[in-house]
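Scroll down for the structure; my scribbles are underneath it.
Number of protein chains: 2
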Amino acid sequence: MAEGAQILIVDDEPQIRRFLRISLEANGYCIHEAATGHDAILKTAQLRPDLIILDMGLPDSDGLDVVRRLREWTKTPVIILSVRDSDQDKVDALDAGADDYLTKPFSMDELMARIRTAQRHAQPQQEEIVFTSGRLKVDLSRRVVTINGEPVKLTRTEYALLRLLIQHAGKVLTHQQILREVWGPEYIHETHYLRVYFAQLRQKIEENPALPEIIITEPGVGYRLVRV
Amino acid sequence: MAEGAQILIVDDEPQIRRFLRISLEANGYCIHEAATGHDAILKTAQLRPDLIILDMGLPDSDGLDVVRRLREWTKTPVIILSVRDSDQDKVDALDAGADDYLTKPFSMDELMARIRTAQRHAQPQQEEIVFTSGRLKVDLSRRVVTINGEPVKLTRTEYALLRLLIQHAGKVLTHQQILREVWGPEYIHETHYLRVYFAQLRQKIEENPALPEIIITEPGVGYRLVRV
DNA sequence: GGGATGTATCAAAAAAACATCAAAAAAAAC
DNA sequence: GTTTTTTTTGATGTTTTTTTGATACATCCC
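If you read the protein sequences in the order shown, they are chains U and B. Going by my numbering, the letters in the first sequence line up with residues 3 to 230, in that order. Going by my numbering, the letters in the second sequence line up with residues 3 to 230, in that order.
In structure tokens, the structure reads:
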């Protein structure tokens, strides 16, 4: 998340944009630029950046207005840069919905730290991703598999296999696809592995492994996980 | 939410606490006070304030340590007040987990605006200070571990390991994740450390270390703390 | 029906991963 | 500056998982 985060720089002076771009890209961020308030709102809607660095002195509109306009529909963190150091300016910007306010000239280190802080704030609580098919339940965020609520212990490879099937639930995965994804490209001819591992997996998650209901064999092609 | 929000003021100078109290109470906040770092952590656990205003210059401990200690178990917003204006101080404080940093002397209006901003960022969530799993109890605010009520002494690393597992209770943590968080990114290949330390930890908290019930090994993947 | 191909299952051998003990080195406490 | 605690390193035995091999079953096509 922190690596490669998208940042939109909004400033009318090209040399400041360039300076920020170089510094931030050196720290692994992915940079977009906008020169006007209008452009900032447009690009935010278009690119959905993870963070916005907004200069207050824009030619076409007041920085405050830009923040207010943005806050009408997005909570993307906004860090204000401004030459104005008065209390009132800071209060107005923060109350308009900005997340932080830095006075020029500012230290790049401090900006970087405040970007990290803003990103922490933006993090939504991670929702749990659970796949369900009949009696089978797979909590992908916890790496926990249950059958009728009973926890099932899977080995690393068994779990990798199941997860791959879940990611393509309903679709047929060919032998080669499975072998390449789970074991690696050099294993694509080891079809015997599939026999052994699907048997093991079925033993653990199917009610009657001889009449599988969750993992279906497509003879001559591959395997498929039934989506319920 | 904003009205009547509880704020904990941490400063060793009574006159500053008094000044802040009067100003903030005039704005409808409910104020609590602490004079030391130790007291700050205690009162935070006790009173569960909505926000903490923390002076960096405390007599008993470094302000940074206080922030780090707090961040071990709570996300309550922390606004730092400090006489020190260097970049490094700001970066350190923010990276330790502080939400904002104001240099003394500061404007009351700005502080007020930054309090409002911090409150917007606050995610309302009931954090558990005491984690329980079977016979194990861990008071995260006091760093006290007990098993059947009996205090258990853990080394710094053992505790860091246990705390990491608790923060992700129920989830599988991979070897790399654990090594990176506890020892640092340069240790991600030292899987042997995990063997040694998990053995030690189990020796101390498991009834029968050979048949662990709290810390489960997921072979080839990592470890998981069972949530009861 | 009968061979050919593809599949399922069981069980062993081999490999990898893990637990544990203990000594050496480093760090912390006194 | 010495003692104590903690961390790091090394060696050894155990468990778990993966790989390999053997065998049986099913289905398709001739």
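For every residue, glycine included, the Cβ atom is placed at its ideal position computed from N, Cα and C.
Review point. Counting only runs that start and end within the stretch 54-126 of chain U, where is the alpha helix (DSSP H) found for 4 or more residues in a row?
Key: 65-73, 89-98, 110-124
**Study point:** Distance CB(U:VAL146)-CB(U:ALA100) smaller than 7 angstroms
**Key:** no
Review point. How do the stretch 181-195 of chain B and the stretch 129-144 of chain B stand: do at least 3 beta-carbon pairs fall below 8 angstroms, yes or no?
Key: no
**Study point:** Closer than 7 angstroms to chain U by CB, B:LYS92
**Key:** yes
Practice item. Taking only the alpha-carbon atoms, compute the straight-line gap between B:GLU206 and U:ARG144 and give it to the nearest angstrom. Key: A small correction: the amino acid at residue 206 of chain B is Lys; Glu does not occupy that position in the sequence shown. Their backbone Cα atoms lie some 25 angstroms apart in a straight line.
Review point. Exposed or buried, U:PRO221, counting other C-beta atoms within 10 Å across all chains shown (16 or more means buried)?
Key: exposed
Check your understanding: Within 7 angstroms (strictly less), CB to CB, does U:ARG145 reach chain B?
Key -> yes
Review point. What is the DSSP secondary structure of U:GLU129, counted as helix, strand or coil?
Key: coil
Practice item. Look up U:THR148 in the DSSP assignment and give the residues it is bridged to. Key: BP columns for U:THR148 point to U:LYS139, U:PRO153.
Review point. On the three-pair Cβ rule with 8 angstroms, is the stretch 52-66 of chain U touching the stretch 75-84 of chain U?
Key: yes
Review point. Smallest Cα separation from U:PHE133: which of U:CYS32, U:ALA201, U:LEU113, U:LEU166?
Key: U:LEU166
Exercise for review: Within its chain, find whatever has a CB closer than 7 angstroms to the CB of U:TYR223; leave out the 5 residues flanking it on each side and keep chain order.
Suggested key: Residue identity check: residue 223 of chain U is Val in the sequence provided, not Tyr. Cβ contact annotation for U:VAL223 (same chain, cutoff 7 angstroms, sequence separation greater than five): VAL174, THR176, in chain order.
Check your understanding: For B:THR76, which of B:VAL230, B:ILE43, B:ASP91, B:LEU203 has the nearest alpha-carbon?
Key -> Distances from the CA of B:THR76 to each of B:VAL230, B:ILE43, B:ASP91, B:LEU203 were compared; the closest alpha carbon is that of B:ILE43.
Point to revise | At least three beta-carbon pairs within less than 8 angstroms, the stretch 105-113 of chain B to the stretch 124-132 of chain U | key: no
Review point. Which residues in chain U sit within 9 angstroms of B:LYS173, going by Cβ to Cβ distance?
Key: ASP141, SER143, ARG144, ARG145, VAL146
Check your understanding: Closest Cβ-Cβ distance between U:ALA4 and chain B: below 7 angstroms?
Key -> Because the pLDDT of U:ALA4 is 44, which lies under 50, any placement of that residue in the model is unreliable, and the number read from its coordinates should be weighed accordingly. Not one chain B Cβ lies under 7 angstroms of U:ALA4.
Check your understanding: Can you list, in chain order, the residues of its chain whose CB lies under 7 angstroms from that of B:ARG71, leaving out five sequence neighbours each side?
Key -> ILE43
Point to revise | With 16 other Cβ atoms within 10 Å as the buried cut-off, status of U:ARG50 | key: exposed
**Study point:** Of the residues B:LEU156, B:GLY6, B:ALA7, B:GLY39, the one placed nearest B:GLU15, counting alpha carbons only
**Key:** B:GLY39
Practice item. Mind reading off the beta-carbon distance from B:ALA115 to B:LEU66? Whole number of angstroms is fine, and I expect it under 8 angstroms. Key: B:ALA115 to B:LEU66, Cβ: 25 angstroms. No contact.
Practice item. Quick one: give me the first and last residue of the beta strand (DSSP E) that U:TYR225 is part of. Key: 224-227
Exercise for review: Say whether chain U places a C-beta atom closer than 7 angstroms to the C-beta of B:LEU72.
Suggested key: no
Exercise for review: Indicate whether at least one CB of chain B lies closer than 7 angstroms to the CB of U:LEU66.
Suggested key: no
Review point. Under a Cβ-count criterion, where at least 16 other Cβ atoms within 10 Å of its own Cβ denotes burial, should B:ALA95 be classed as buried or exposed?
Key: buried
**Study point:** Environment of U:ASP102 [buried if 16+ CB atoms lie within 10 Å]
**Key:** buried
**Study point:** Below-7 angstroms beta-carbon distance, B:THR176 vs any chain U residue
**Key:** Chain U, which has no Cβ nearer than 7 angstroms to the Cβ of B:THR176, makes this no.
Review point. Going by beta carbon distance, what residues of the same chain come within less than 8 angstroms of U:GLU27, once the five residues before and after it are set aside?
Key: ILE33
Practice item. Measure the CB-CB distance between B:ILE11 and B:GLU35 and report whether it falls below 7 angstroms. Key: Their beta carbons are under 7 angstroms apart, which means B:ILE11 touches B:GLU35 by this criterion.
Practice item. Taking U:LEU164 as part of the alpha helix (DSSP H), name the residues at either end of that continuous run. Key: Start and end: 158-169.
Exercise for review: Could you give the DSSP three-state label for B:PRO211: helix, strand or coil?
Suggested key: coil
**Study point:** Start-to-end residues for the alpha helix (DSSP H) that takes in B:GLU27
**Key:** 16-28
Review point. From the beta carbon of B:THR219, is the nearest beta carbon of chain U less than 7 angstroms away?
Key: No, no contact with chain U.
Review point. Name the chain B residues whose beta carbon is nearer than 9 angstroms to that of U:ASP89?
Key: SER109, MET110, ASP111, GLU112, ALA115
Review point. DSSP state of U:THR193, grouped into three classes?
Key: helix
Check your understanding: Among all the DSSP beta bridges, which residues are the ones paired with U:HIS34?
Key -> U:LEU10
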